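**Q** Please see the structure below; I have some questions.
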Amino acid sequence: MQQLLHQLCRSRIPGLNTLRAGSRAIGRSRCQASLSAAATAGPLPGEVVVICGASKGIGLEVARQCLAAGALVAAIGRTAETSSGLATLAESPQGASRLLRISCDATDEEQLEGAAAAVRGRFGRADAVLSSVGMLSDPTGQVSVRQMPERSLQQVTAEQLLMNFKLNALAPALTAKHFMPLLLHAQRQAGAQQGVFASLSARVGSIGDNKKGGWYSYRASKAAQNQLLRTLAHETNRSRVGPIVLMLHPGTVDTDLSKPFHGVVTWELFPVERAASQLLDIIFRATPADNGKFLDWKGEEIPW
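Counting the sequence shown from 1 gives a position; the working numbering is that position plus 527.
Below, the structure is given as structure tokens:
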């Protein structure tokens with residue numbers, strides 16, 4: 528039934544452009560309709576999901592789960608075309624015809640513009656865009672002075688501060704700039720249902736929730752991301768036709784980003800599969816009332 532409604536609402540037959548909203552509503556209500564409490568929302572077959580930061584970690588797992596759900600996936604990352612994880616997906620039955628890999632530095636506007644053009648050329652639109660680009664420590668050595676989060680102001684360097692702002696604030700803002708037109712195009716095609724732009728933020732980016740200090744660059748850059756995207760949400764609200772904008776805290780996830788801190792984590796460490804599923808559930812249950820919200824992995828609001 529979901530697939531039939533989806534195919535109908537993708538057609539250009541007059542009067543059918545509102546059926547997609549009903550199709551998505553069925554998808555969003557399947558958790559309540561299912562006997563399994565673990566059922567979650569996700570993309571419908573044929574929907575286009577763009578993931579920026581898909582070469583590994585959370586982004587890679589989101590790509591895998593979207594392909595498994597029948598979605599068309601554009602996987603973007605600095606090493607997308609050489610990523611072993613994405614190569615495995617591309618060779619799978621799901622990925623052979625529905626996965627587009629694009630190598631792109633999300634801090635480079637020219638490359639982002641090219642990536643957006645490639646997605647438009649292949650899929651014509653985007654129904655959801657997730658930016659999972661970011662850094663906490665720097666195991667690659669791009670920051671030469673210090674590679675771990677600062678514990679005191681005396682450890683703050685211009686180099687590390689700028690690198691954090693570049694990856695944690697600039698990259699998602701520029702990704703939104705270049706991919707919002709594709710979300711708007713999908714909305715015009717489909718009718719009332721709004722697309723979603725979501726970005727991975729972090730609870731430590733909350734000023735109101737800052738109770739321990741430390742991690743100067745990471746905290747400040749995530750707070751900057753929140754301000755940029757909250758401002759974008761106001762812009763889309765004013766237009767009355769813009770996509771939903773979300774800032775999401777995925778929890779502490781077992782990825783390379785958190786690996787240096789596994790020994791000191793006192794709260795739950797999520798496997799990447801669970802984290803990706805939780806994020807997709809929030810993204811594909813979002814309504815216009817959620818526009819501009821800063822949410823944790825449970826869908827609960829985090830103070831600014």
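By construction, the Cβ of each residue, glycine as well, lies at the ideal position given by its N, Cα and C atoms.
Since this is a predicted model, take the numbers as computed values, not measurements.
Could you work out which residue in Gln721, Gly735, Gln752, Phe650 is closest to Arg628 when comparing CA atoms only?
**A** When each option's Cα is compared against that of Arg628, the closest is Phe650.
**Q** Quick check on the DSSP output: the alpha helix (DSSP H) that includes Leu773 runs from which residue to which?
**A** Not the alpha helix (DSSP H): Leu773 falls in the beta strand (DSSP E), residues 771-776.
**Q** Alpha carbons only, please: which of Gly826, Pro572, Gly740, Val600 is nearest the one belonging to Ser582?
**A** Out of Gly826, Pro572, Gly740, Val600, Val600 has the C-alpha closest to the C-alpha of Ser582.
**Q** Check whether the Cβ atoms of Gly569 and Ala590 lie closer than 9 Å to each other.
**A** Not closer than 9 Å, so no.
**Q** For Met774 and Ser624, what's the separation of their Cα atoms in angstroms?
**A** Looking at the two C-alpha atoms, the distance is approximately 30 Å.
**Q** Let me confirm a value: Gln805 is counted as buried when at least 16 other C-beta atoms fall within 10 Å, else exposed. Which label applies?
**A** With 16 or more other Cβ atoms within 10 Å, it is buried.
**Q** For Arg649, which three-state DSSP category applies?
**A** Helix, per DSSP.
**Q** Who are the Cβ neighbours of Met662 in its own chain at under 6 Å, not counting the five residues just before and after it?
**A** Cβ neighbours of Met662 beyond the five flanking positions: Leu694.
**Q** Within the same chain, show all residues whose beta-carbon is closer than 7 Å to that of Arg678, passing over the 5 residues directly before and after it, in chain order.
**A** So the list reads Gly741, once near-sequence residues are dropped.
**Q** Check whether the region 724-742 and the region 752-772 are in contact - that is, three or more C-beta pairs closer than 8 Å.
**A** Flag = yes, the region 724-742 and the region 752-772 touch.
**Q** Below 9 Å between beta carbons: does that hold for Val575 and Leu657?
**A** No, the pair does not count as a contact, with Cβ atoms beyond the cut-off.
**Q** Near Glu636, what residues of its chain come up, given a Cβ to Cβ distance below 7 Å and the 5 sequence neighbours on each side ignored?
**A** Taken in chain order, the residues that qualify are Leu701.
**Q** Taking the C-alpha atoms as reference points, what is the distance between Met675 and Val731?
**A** The straight-line gap from Cα to Cα measures roughly 15 Å.
**Q** If we ignore side chains and look at the alpha-carbon of each, how far apart do Ala645 and Pro708 end up?
**A** Approximately 13 Å between the Cα atoms of the pair.
**Q** If you run the structure through DSSP and keep just helix, strand and coil, what is Leu627?
**A** In the structure shown, Leu627 sits in a strand (DSSP, three-state: E or B).
**Q** Tell me, to the nearest whole angstrom, how far the beta carbon of Pro830 is from that of Asp736; I am working on the premise that it is less than 8 Å.
**A** Correct: roughly 5 Å between the Cβ atoms.
**Q** Closest to Cys631 by CA distance: which of Gln621, Thr609, Leu759 is it?
**A** Of Gln621, Thr609, Leu759, the residue nearest in Cα terms is Thr609.
**Q** Return the chain-ordered list of same chain residues with a C-beta closer than 7 Å to the C-beta of Gln638, the five sequence neighbours on each side being excluded.
**A** Here the set comprises Cys631, Asp632.
**Q** Closest to Val780 by CA distance: which of Ser766, Glu800, Gln681, Gly612 is it?
**A** The residue with the shortest Cα to Cα distance from Val780 is Glu800.
**Q** Any idea what DSSP makes of Asp817, helix, strand or coil?
**A** Three-state DSSP puts Asp817 in a helix.
**Q** Who are the Cβ neighbours of Leu688 in its own chain at under 7 Å, not counting the five residues just before and after it?
**A** Same-chain partners within the cutoff: Ser744.
**Q** Judging by CA-CA distance, which residue of Ala750, Asp808, Leu613 is the nearest neighbour of Ile734?
**A** Closest by alpha carbon: Ala750.
**Q** Among Thr684, Gln721, His705, which has the Cα closest to the Cα of Ala655?
**A** Looking at the Cα atoms, Gln721 is the closest of the given residues.
**Q** Would you report the Cα separation of Thr634 and Ala698, rounded to the nearest angstrom?
**A** The straight-line gap from Cα to Cα measures roughly 5 Å.
**Q** Could you tell me how far apart the beta carbons of Val660 and Gly580 are, in whole angstroms, since I believe they sit closer than 8 Å?
**A** Their Cβ separation, rounded to whole angstroms, is 4 Å, which keeps Val660 and Gly580 in contact under 8 Å.
**Q** Could you check if Leu594 is buried or exposed, using at least 16 other CB atoms within 10 Å of its CB as the buried criterion?
**A** Flag for Leu594 reads buried.
**Q** Measure the CB-CB distance between Asp817 and Thr567 and report whether it falls below 9 Å.
**A** Going by C-beta atoms, Asp817 is not nearer than 9 Å to Thr567.
**Q** If you count every other CB in all the chains shown that lies within 10 Å of the CB of His705, and 16 or more means buried, which is it?
**A** Counting Cβ neighbours within 10 Å, His705 comes out buried, since at least 16 surround it.
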